[in-house]
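Report on the following structure.
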Amino acid sequence: MSRSSPPTRRDPLGKAAWRDVGARGGANHDAWRKIFDAAPANRQAAFKAAMDGALPAGWESALTEFKKTMSAEQPKLATRQSSQKTLDVLNGVVPNLAGGSADLTGSNLTLAEGMTAVSRDDYAGGYIYYGVREHAMAAAMNGIALHGGFVPYGGTFLIFTDYCKPSIRLSALMKQRVIYVMTHDSIGLGEDGPTHQPVEQLAGLRAIPNLLVFRPADVVETSECWALAMKAQSTPSVIALTRQGVPTVRTEHRDENLSERGAYVLREADGERQVTILATGSEIEIALDARDRLQGDGVGAAVVSMPCHELFDQQDDAYREQVLGAGAVRIAIEAAVSYGWDRYLGSNGEFVGMPGFGASAPASDLYNHFGITAENVVRAAKSRL
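If you read the sequence shown in my numbering, its first letter stands for residue 720, the second for the next number, and so on.
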């Protein structure tokens, strides 16, 4: 075989060079084709389905059963732990997951039960230790998705999406199912301080077209968000997860994936709704506390969990008005900057969140310091009534 040729006047794009590269694998491909053609029909069909992006039958039922168990047990878990439990279920029913982490496996909790590592000498595993290479990890996952046959996911801290951003944007631009598992999603990570505490990252990610940004509130929502990310064949997803433990708030099981519509009424008002409290992730706990305090003061208040802005924006006007509450005062809570929330708050709403960068302290102290508290939500709601 001749060496690759440089571009020439007759071949300005170097087409011959590209064809030379493509031809190098010809013999190996022919050998592989013989093996494939000799395989049983069911294995050939499974291979073709995986290459087309299809998922095995029954995978979603396994997650539904997991949700049912979690609603009954009601554990208090960090959503990164909830994600790992969900991955344990998924890895048992979706054999072509390709997981990994950029040197933070023990923190991201991305290694599912039964997964083994890919190594230089053994490609049989399903997990890649990428090292401190966030951008390279994201770029590699794009390549895996473009090749087909696998569902790639990889983890790091949410703050480090800044390193991954060019490849996240390309995932969205190329319409690839790539799942970014981003943990330590707020000031709730505590003492690592403002260098590691994401405040503007959620807003920046939500600004990228064709990207689903999930921030689940508990173990049930986490499993639902994973299901939606798995089903989104032409859309990448970011799943933002907490370091700190959060209670199970979805204590009554429903087969329906409530997160599928982006936002839903988690707790309706007793009597006429005067206030709607919107929240995501770990701030749902604060929202529920504020709702109970307002109800105790005779103010009808509902809590809306909003795990995915992008999916909520796709709903019809009637559903969005029903969830947000026509005429209700709207208060939004998120331990991040307010950018992007105004379109949900209307002219008589208020945002309770981060005014700027974080600080180094225990998580509970930081929430009090920055005023992300039930007391402040109640004050904001009453001041708008």
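A virtual CB, placed ideally from N, CA and C, is assigned to each residue, including glycine.
Proximity winner among the options, relative to residue i (alpha-carbon distances)
| i | options | result |
| --- | --- | --- |
| G1075 | P913, L816 and A768 | P913 |
| Q803 | Y872, R1010, I927 and R973 | Y872 |
| M901 | D911, V932, P928 and G909 | V932 |
| V1042 | V1023, G1059, C1027 and P955 | V1023 |
| Q1033 | A982, K795 and I927 | A982 |
| T829 | F876, V812 and V1096 | F876 |
| G818 | K767, S1079, K795 and Y899 | Y899 |
| A1047 | H1088, E1029, K1101 and A781 | K1101 |
| H903 | T824, L892 and A988 | T824 |
| W778 | A758, T805 and S801 | T805 |
| Q993 | S978, R1010, S1079 and D749 | R1010 |
| S820 | K767, D841, E784 and I847 | I847 |
| M949 | L816, F1070 and A855 | L816 |
| V984 | A768, G1044, D841 and T961 | G1044 |
| A773 | G1077, A1078 and A951 | A951 |
| R934 | A758, G811, F785 and H1028 | H1028 |
| S1079 | F785, D840 and D911 | D911 |
Rounded straight-line distance, which links the Cα of residue j to that of residue i
| i | j | result |
| --- | --- | --- |
| G1072 | R1049 | 14 angstroms |
| A864 | F755 | 21 angstroms |
| L1085 | P814 | 41 angstroms |
| R986 | A836 | 43 angstroms |
| A1021 | G833 | 42 angstroms |
| V918 | V1056 | 6 angstroms |
| T798 | Q763 | 37 angstroms |
| R973 | A946 | 14 angstroms |
| R980 | H866 | 30 angstroms |
| P775 | A858 | 26 angstroms |
| T880 | L924 | 9 angstroms |
| S721 | A742 | Below a pLDDT of 50, predicted positions are generally treated as unreliable, and S721, at 47, falls in that range; no measurement from the model is reported. |
| K753 | A746 | 11 angstroms |
| E991 | T999 | 23 angstroms |
| R1098 | M770 | 54 angstroms |
| G1068 | R1103 | 7 angstroms |
| H1088 | P1026 | 25 angstroms |
| I996 | G1017 | 16 angstroms |
| V1096 | R1039 | 22 angstroms |
| A843 | M789 | 32 angstroms |
| A926 | F1031 | 14 angstroms |
| S1180 | G909 | Because the chain in this structure spans residues 720 to 1104, residue 1180 falls outside the shown range and cannot be described. |
| E1004 | A765 | 43 angstroms |
| S978 | W737 | 45 angstroms |
| A781 | E975 | 13 angstroms |
| D739 | H748 | 15 angstroms |
| A735 | W751 | 25 angstroms |
| A791 | V968 | 11 angstroms |
| S1066 | K767 | 52 angstroms |
| L960 | S838 | 28 angstroms |
| D1061 | D730 | 54 angstroms |
| T783 | E943 | 9 angstroms |
| I1091 | G868 | 44 angstroms |
| H854 | G1019 | 47 angstroms |
| G811 | F785 | 12 angstroms |
| R1012 | R852 | 46 angstroms |
For residue i, the residue or residues it bridges with in DSSP
| i | result |
| --- | --- |
| P871 | A817 |
| M1073 | Paired residues: none, contrary to the question. |
| T902 | F876 |
| I1050 | I996 and E1069 |
| S956 | I898 and L931 |
| G964 | A797 |
| S713 | The structure shown does not extend to residue 713, since the chain is modelled only from 720 to 1104, so the question has no answer here. |
Residue i and residue j closer than 7 angstroms at C-beta
| i | j | result |
| --- | --- | --- |
| Q793 | T941 | no |
| A1082 | Q963 | yes |
| I1052 | A1006 | yes |
| L889 | N929 | no |
| D822 | G850 | yes |
| I878 | H915 | yes |
| Y1008 | A936 | For the sequence presented, residue 1008 should be read as Asp rather than Tyr. Not a contact, by the Cβ cut-off of 7 angstroms. |
| A891 | P955 | yes |
| A922 | Y1058 | yes |
Inter-residue CB distance, residue i and residue j (contact presumed, cutoff 8 angstroms)
| i | j | result |
| --- | --- | --- |
| S1001 | G907 | 6 angstroms |
| S953 | K884 | With 8 angstroms as the limit, S953 and K884 do not qualify as a contact, their Cβ atoms being about 20 angstroms apart. |
| D989 | Q1014 | 6 angstroms |
| S905 | A1054 | 4 angstroms |
| A831 | L796 | Contact flag wrong, Cβ pair sits at about 16 angstroms. |
| R896 | V870 | 6 angstroms |
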